[in-house]
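Per the numbering used here, the sequence shown runs over residues 5 to 254. Every residue, glycine too, gets a C-beta built ideally from N, C-alpha and C. Quantities reported herein were computed from a predicted structural model and do not represent experimental measurements. Have a look at the structure below before the remarks.
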Amino acid sequence: MRYFIELSYNGENYHGWQNQPNAISVQEVLEKALSTLLRKEISIVGAGRTDAGVHAKQMFAHFDVGTAINTTELIFKLNSFLPKDIAIQDIHSVKEDAHARFDATARTYEYWIVTEKNPFHNQSAHLVYKNLDVNLMNKAANELFNYEDFKCFSKTHTDVKTYLCTIEKAVWEQRNELFVFTIKADRFLRNMVRAIVGTLIEVGLGKLTIDEFKQIIASRNRNNAGTSVPGKALYLTAVTYPAEIFITHG
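Okay, structure coming up:
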């Protein structure tokens, strides 16, 4: 039987989601917990890869077991067993061919920025000391809807076959002391959100015009785009799936 596990985590102490040979990952910690509690070797497949330090308010992963499990009991046991920076929200019964990564129809990220030193956001937001023109940043963000090829924002030397993505939402808003960029797309390239934010910051600081921003996208050249902002202020906030893959909820 296949299950989707729904979780959140603070990525500060992890080298990303995916298993790595010489560094601790969220996937490794969760697999060990599941294997211990279910008393069999459990492998999980995540909805995607988050980089080192990146957080997830909602992440999904799937795993298989031979017999039905008591999901309420397992959620309680996992949350007791796992470290404080990983929490299980739910475990969903899904169709046997449901796939946490390939069945996802959209993913949503947020990036948090502060423009004044704030001790409560040292590890949760990126500090940009200068004032940002958010209206201009939103005008530039609107230009993202006119493109599908985002190679200029992709990490170089990756094994992706296509750089095409469909962006559904890209907007800056102010929430008290935070400037939050929300972006939703059917898929994301490695490092894409952090590179987009870094480039939009240059627009907000007056270092790039809207036309220059458009030229960067059209160039398909990562060297032309801005610096990638730190992972500590990036949050995967939602992963969207078609309703028909779920058998029951919780």
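- The alpha-carbon separation between LEU204 and ARG43 amounts to approximately 48 angstroms.
- As the crow flies, the alpha-carbon of GLN178 is around 6 angstroms from that of VAL184.
- Shown here for VAL201: same chain residues with a beta carbon closer than 7 angstroms to its own, the five before and five after excluded, namely TYR115, PHE185, VAL233 in chain order.
- Taking a cut-off of 8 angstroms on C-beta distances, the region 139-155 touches the region 216-226, as three or more cross pairs fall below it.
- Around the C-beta of GLY208, 16 or more other C-beta atoms lie within 10 Å, and the residue is accordingly described as buried.
- Taking a cut-off of 8 angstroms on C-beta distances, the region 189-201 touches the region 160-180, as three or more cross pairs fall below it.
- Among the bridge pairs identified by DSSP, GLN178 is matched with PHE183.
- For ILE214, the secondary structure class from DSSP, reduced to helix, strand or coil, is helix.
- Secondary-structure assignment with DSSP links ARG6 through a beta bridge to ASP68, VAL98.
- When beta bridges are read from the DSSP output, MET63 appears opposite LEU11.
- If you ignore the 5 residues before and after ASN23, its C-beta comes within less than 6 angstroms of the C-beta of SER29, GLN31, GLU32, all in its own chain and listed in chain order.
- DSSP places LYS36 within a helical segment (H, G or I) once states are collapsed to three.
- Around the CB of ASP137, fewer than 16 other CB atoms lie within 10 Å, so the residue is classed as exposed.
- The beta carbon of ALA237 lies closer than 8 angstroms to those of TYR115, TRP116, ILE117, SER128, ALA129, HIS130 in the same chain, with the five residues before and after it left out.
- By the C-beta criterion, the region 10-17 is judged to be in contact with the region 59-67, since at least 3 inter-stretch pairs fall below 8 angstroms.
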